[in-house]
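See below for the structure under consideration.
Number of protein chains: 2
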Amino acid sequence: MSIQENTSSKIVTAAMLVIGDEILSGRTQDKNVAYIATHLSETGIQLREVRVIPDIESEIVDAVNHCREKYDYVFTSGGIGPTHDDITADSIGAAFGVSVDYHPEAMDLLTRHYKVSGIEFNDARKRMARIPDGATLVENPVSKAPGFRMENVFVMAGVPLIMQAMLQSILPELDGGAKMLSRTIGAGLPEGKVAKKLGELQEKHPDVSMGSYPCFRQGAVGTNLVLRSIFPEKLENAFNELKEILIELGSEAVETT
Amino acid sequence: MSIQENTSSKIVTAAMLVIGDEILSGRTQDKNVAYIATHLSETGIQLREVRVIPDIESEIVDAVNHCREKYDYVFTSGGIGPTHDDITADSIGAAFGVSVDYHPEAMDLLTRHYKVSGIEFNDARKRMARIPDGATLVENPVSKAPGFRMENVFVMAGVPLIMQAMLQSILPELDGGAKMLSRTIGAGLPEGKVAKKLGELQEKHPDVSMGSYPCFRQGAVGTNLVLRSIFPEKLENAFNELKEILIELGSEAVETT
């Protein structure tokens, strides 16, 4: 990530709820979390929690109500298709205590879409126009059936391509805060050798969060050191000190990004 | 998954906690959830929830205490290395209200390991022997630094290779219940065409959970239909009815697994 001045020091947070038995069963590997995390971060929103929960209304209601109180934004993926196991809209309605009805605008756009496609707009497909009262639609440029926004909760599809398109529709609506900036060094040293000095550096720079992750580099154990801060100067200072520490410790192959 | 008789109808559940800013920042994509879900399922344990949480003690404590009450087992990954940001052991200690000390057995095995390797067993590395009082060790055949079990909570490393080896050490200790069996059909029909009949089939077979997932098959929209049950006969009956329904609906390219 490029280093740029933060115009705000406001911290804006988010949670993501991945709804679906499919991830929990291990059959499908989640592909949405990293995409959302990265794009929110670029918008100045910090993803603070992810929950993967099953297709059970009470579980969805509990998670939504917990997270919408605790975080500035909540994003959900999954469960908005035409089949009986797509219960996200009803669950969001239950979480907010509002009813769920056919949304005129959603009915219009799906009517037009299926007419043009020559596909029957049957009752199952009409389910995709059922939206909690008071919600506004989120555009789905891929397959038309919309997501929706209910206060600070954004409901998106689970299919990665559609989720990504929906997130792009949503991003301009979001109120970002301070951007979390980061610098990474890949050090040719094991964590155990870096740990003491890194801990001291962390003590000295409380506004820079320092993470250490073991990795394998050309067959040897190495460490990726990730520094994060909303303050560009503090980040650069800590980063420069860390580079010096690594050279002192005898690290070869220091790469920075 | 092969269909075999369930010797038990007891339902055993689990949650997983992925601990680390690294996944939440989007820098790293989680590779552990699908592995754990699959192996637990084969042991007769159903993964019911996953939470990805940051390296913040209060967040870890809350998630651990919520999940260890709600589920039969809890598995954590991440945060047990030698650096200052590895706070899982202390957080588990705080969750259980016990202190965290150098565990004699862990000290022994790490002392031997570093002696043999010719690597200094410094204070940072000794941190990896700090284990909550009352916990038992989980073997780490890859890099020796152990995980641990505290009542129904299993604490594992975040590095996928090490996590996988630790889970293999743990599996024989677990008390599995009914195995969740599954059958999948890939249908050459869009969800919207299958939805009505699938919903009726779900009503008729309450002990079989039916999931529908859109997919792309040879350039066309298709649907993966996944049936799950702990009852082998009920699963087979529902599966056979579903196959007939799909043929009636004109599905081509029905593949089953």
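Protein chains in written order, with our numbering: chain A, 30 to 286; chain B, 30 to 286.
Where a beta carbon is used, it is the ideal one built from N, C-alpha and C, also for glycine.
Based on the DSSP secondary-structure assignment, which residues constitute the bridge partners of residue i?
i, result
"phenylalanine 245 (chain B)", "B:Val250"
"alanine 43 (chain B)", "B:Leu76 and B:Tyr102"
"threonine 285 (chain A)", "A:Ile214"
"methionine 185 (chain B)", "B:Ser106"
"phenylalanine 177 (chain A)", "A:Leu166 and A:Val184"
"methionine 136 (chain A)", "DSSP, once it has assigned bridges, lists no residue as partnering methionine 136 (chain A)."
"glycine 240 (chain A)", "A:Val255"
"phenylalanine 129 (chain A)", "Checking the displayed sequence, the identity of residue 129 (chain A) turns out to be valine instead of phenylalanine. Valine 129 (chain A) is bridged to A:Pro161."
"isoleucine 48 (chain B)", "B:Ile82"
So, is residue i buried or exposed, given that buried needs 16 or more other C-beta atoms within 10 angstroms?
i, result
"glutamine 33 (chain A)", "At glutamine 33 (chain A), the pLDDT of 48 sits below 50, so the modelled position is not reliable and the matter cannot be decided from this model."
"aspartate 236 (chain A)", "exposed"
"tyrosine 102 (chain A)", "buried"
"glycine 126 (chain B)", "exposed"
"valine 145 (chain A)", "exposed"
"leucine 190 (chain B)", "exposed"
"threonine 286 (chain A)", "exposed"
"serine 31 (chain A)", "The predicted position of serine 31 (chain A) is uncertain, since its pLDDT is 41 and thus under 50; a value taken from the coordinates is nonetheless stated next. Serine 31 (chain A) should be labelled exposed."
"threonine 165 (chain A)", "exposed"
"phenylalanine 177 (chain A)", "buried"
"arginine 56 (chain A)", "buried"
"asparagine 61 (chain B)", "buried"
"asparagine 253 (chain B)", "buried"
"arginine 80 (chain A)", "buried"
"phenylalanine 245 (chain B)", "exposed"
"alanine 267 (chain B)", "buried"
"isoleucine 160 (chain A)", "buried"
"asparagine 169 (chain A)", "buried"
"proline 219 (chain B)", "buried"
"arginine 212 (chain A)", "buried"
"alanine 44 (chain B)", "buried"
"glutamine 197 (chain A)", "exposed"
"glutamate 78 (chain B)", "buried"
"arginine 257 (chain B)", "buried"
"aspartate 152 (chain B)", "exposed"
"proline 133 (chain A)", "exposed"
Which of helix, strand or coil does DSSP assign to residue i?
i, result
"glycine 55 (chain B)", "coil"
"serine 31 (chain A)", "For serine 31 (chain A), the predicted model reports a pLDDT of 41, less than 50, meaning its position is unreliable; a value from the coordinates is still stated below. In this structure, serine 31 (chain A) counts as coil in the three-state DSSP scheme."
"leucine 21 (chain A)", "Beyond the ends of chain A as shown, which are 30 and 286, falls residue 21 (chain A); an answer cannot be given."
"valine 223 (chain B)", "helix"
"isoleucine 160 (chain A)", "strand"
"isoleucine 89 (chain B)", "helix"
"methionine 209 (chain B)", "coil"
"lysine 263 (chain B)", "helix"
"proline 235 (chain B)", "coil"
"valine 62 (chain A)", "helix"
"histidine 68 (chain A)", "helix"
"aspartate 114 (chain B)", "coil"
"serine 38 (chain B)", "coil"
Starting from residue i, find everything on chain B with Cβ-Cβ shorter than 8 Å and list it in chain order.
i, result
"glutamine 197 (chain A)", "Those within 8 Å of glutamine 197 (chain A) in chain B number zero; the least Cβ separation is about 16 Å."
"leucine 76 (chain A)", "Leu53, Ser54 and Gly55"
"lysine 371 (chain A)", "Limits of chain A in this structure are 30 at one end and 286 at the other, which puts residue 371 (chain A) out of reach."
"alanine 194 (chain A)", "The contacting residues do not exist; alanine 194 (chain A) stays about 14 Å from chain B at best."
Strictly below 7 Å CB to CB, what residues from chain A border residue i?
i, result
"methionine 239 (chain B)", "Asp114"
"leucine 227 (chain B)", "Thr112 and His113"
For a contact defined as C-beta to C-beta under 8 Å, what are the partners of residue i on chain A?
i, result
"glutamate 220 (chain B)", "Gly110, Pro111, Thr112 and Ala153"
"alanine 267 (chain B)", "Under the 8 Å cutoff, chain A gives no residues; its nearest Cβ is about 14 Å from alanine 267 (chain B)."
Interface residues of chain B around residue i at Cβ under 7 Å?
i, result
"serine 280 (chain A)", "Simply none; closest approach about 15 Å."
"isoleucine 82 (chain A)", "Glu78"
"serine 70 (chain A)", "Ser54 and Gly55"
"alanine 207 (chain A)", "Those within 7 Å of alanine 207 (chain A) in chain B number zero; the least Cβ separation is about 14 Å."
"alanine 216 (chain A)", "Under the 7 Å cutoff, chain B gives no residues; its nearest Cβ is about 12 Å from alanine 216 (chain A)."
For residue i, return the contacting residues in chain B, with the cut-off set at a CB-CB distance below 9 Å.
i, result
"valine 255 (chain A)", "Asp50, Glu51, Ser54 and Arg56"
"valine 188 (chain A)", "Tyr242, Pro243 and Cys244"
List the residues of chain A whose Cβ lies closer than 9 Å to the Cβ of residue i, in chain order.
i, result
"alanine 249 (chain B)", "Chain A residues near alanine 249 (chain B): none, gap ~12 Å exceeds 9 Å."
For this session: Pull out every residue of the segment 48-66 of chain A whose Cβ sits closer than 9 Å to any Cβ of chain B, in chain order.
Result: Gly49, Asp50, Glu51, Ile52, Leu53, Ser54, Gly55, Arg56, Thr57, Gln58, Asp59, Lys60, Val62, Ala63, Tyr64, Ile65 and Ala66
Problem set entry | Near-chain B residues of the segment 112-145 of chain A (beta-carbon distance less than 7 Å), N- to C-terminal order | Thr112, His113 and Asp114
Exercise. Which residues, in chain order, does the segment 156-172 of chain A contribute to contact with chain B at a C-beta distance below 7 Å?
Worked result: none
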